[in-house]
Amino acid sequence: MVSTSSQSEPIIYEGQFGEFTITDRDRQDVKIYRGGLFVAAVAFALGSFLLLFWGPTPLVLASLTPLFALFSCGLAVSLLKIHIYLVPLHRLLQLFLLVGTIAALVLAVQSNEPLALFVYRHPLSILGIGFTFAALTGIYFKEAFCFNRLETKVLTPLVPLLLLGHLFGFLPLATKQIFMGVWGVLFLVFALRKVIQPIPPDIGDKSVFAYLKEQKKRTPQTTSG
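Numbering-wise, this note's numbering puts 1380 at position 114 of the sequence shown, and it's gapless, one number per residue.
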């Protein structure tokens, strides 16, 4: 339910635990969240399409590392600004990205091969760098659950299936290429649809955040000794 007393006053929304308003900062956070997703989607799609259409040439392989870095930065920005009611889940996704980023940095520095080629030749590297994509899958799942988007409902199982297929070797190369192409296209579709989506739904019910914050304050602190 939405109400307003005059055009000069902010819109008042009726939440589950009370009324709330949406501030300019709330709107800016959503724009930053979507901007990060868009950057990540473009970087990922560009890298995927270069690899699929031109193959693993030295130039393509060399370009994939900076594109992955750009993808990770965009994802980091999104995870900084995303609105998730469960704080532990939010922190877990951020931790996943941190672990995946550290693993990618270590592999990129220590390997004499381009990062993408190393990951392809050493499937066990998914146990490290794969955490980055686990964080991304968390965003897909959140968007699928909250907004029932078809593309995120497809991406939520597709991404882990592709990663596990590479890790355990049960997917043929042709299937992995198809999955990669579908991933790139649907990620772009998802990011573009977020750009034109109304802002308030991405902010969510702020009364829930306020309620959870108040409950946390009221939780008795456990003492030892």
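By construction, the Cβ of each residue, glycine as well, lies at the ideal position given by its N, Cα and C atoms.
Predicted, not measured: the structure shown is a model, and the values here were computed from it.
How many whole angstroms separate the CB atoms of residue i and residue j, which I take to be in contact at a CB cut-off of 8 angstroms?
i, j, result
"L1336", "A1309", "4 angstroms"
"F1492", "L1381", "Residue 1492 is absent from the model: the chain starts at 1267 and stops at 1491."
"T1398", "A1410", "Rounded, the Cβ-Cβ distance is 19 angstroms, inconsistent with contact."
"L1317", "L1330", "7 angstroms"
"L1416", "A1311", "About 18 angstroms; that fails the 8 angstroms criterion."
"I1465", "R1293", "5 angstroms"
"G1394", "G1435", "18 angstroms between Cβ atoms; not a contact."
"G1450", "S1314", "4 angstroms"
"I1288", "I1298", "15 angstroms between Cβ atoms; not a contact."
Considering residue i, what are the terminal residues of the alpha helix (DSSP H) in which it resides?
i, result
"G1340", "P1324 to K1347"
"I1298", "D1290 to W1320"
"H1388", "Unbroken run through H1388: none, as it is neither H nor E."
"F1397", "I1392 to F1413"
"P1380", "P1380 -> no alpha helix (DSSP H), and no H or E assigned at all."
"L1416", "L1416 to F1434"
"I1469", "P1466 to I1469"
"Q1443", "L1439 to I1462"
Check each candidate in the options and name the one with the smallest Cα separation from residue i.
i, options, result
"D1447", "L1346, S1338 and L1428", "In the sequence as displayed, the identity of residue 1447 is Gly instead of Asp. Closest by alpha carbon: L1428."
"K1442", "A1457, V1425, F1453 and T1331", "V1425"
"H1432", "L1355, D1292 and G1396", "G1396"
"T1418", "V1372, L1317, K1460 and S1344", "K1460"
"I1405", "V1372, I1462, I1350 and T1367", "I1350"
"G1340", "P1467, G1435 and L1402", "L1402"
"A1342", "L1393, A1306, H1388 and G1394", "A1306"
"H1356", "A1374, A1400 and Q1463", "A1400"
"P1324", "L1383, F1362, I1368 and R1300", "L1383"
"K1408", "I1298, P1322 and P1467", "P1467"
"L1430", "V1385, C1412 and V1474", "V1385"
"A1457", "I1277, I1278, R1300 and L1439", "R1300"
"L1359", "S1377, V1372, Q1376 and S1338", "S1338"
"S1344", "C1412, Q1376, A1328 and V1296", "V1296"
"L1327", "A1374, P1354 and I1392", "A1374"
"L1439", "K1347, G1321 and V1353", "G1321"
"I1348", "C1412, V1372, I1278 and L1437", "C1412"
"L1364", "L1346, Q1376, I1444 and I1462", "L1346"
"L1372", "F1362, S1391, T1287 and L1361", "Looking at the sequence shown, residue 1372 is not Leu but Val. Of F1362, S1391, T1287 and L1361, the residue nearest in Cα terms is S1391."
"P1389", "V1353, L1437 and L1361", "L1437"
"L1452", "Q1463, V1420, I1462 and V1474", "V1420"
What does DSSP give as the partner residue(s) for residue i in the beta ladder?
i, result
"T1287", "I1278"
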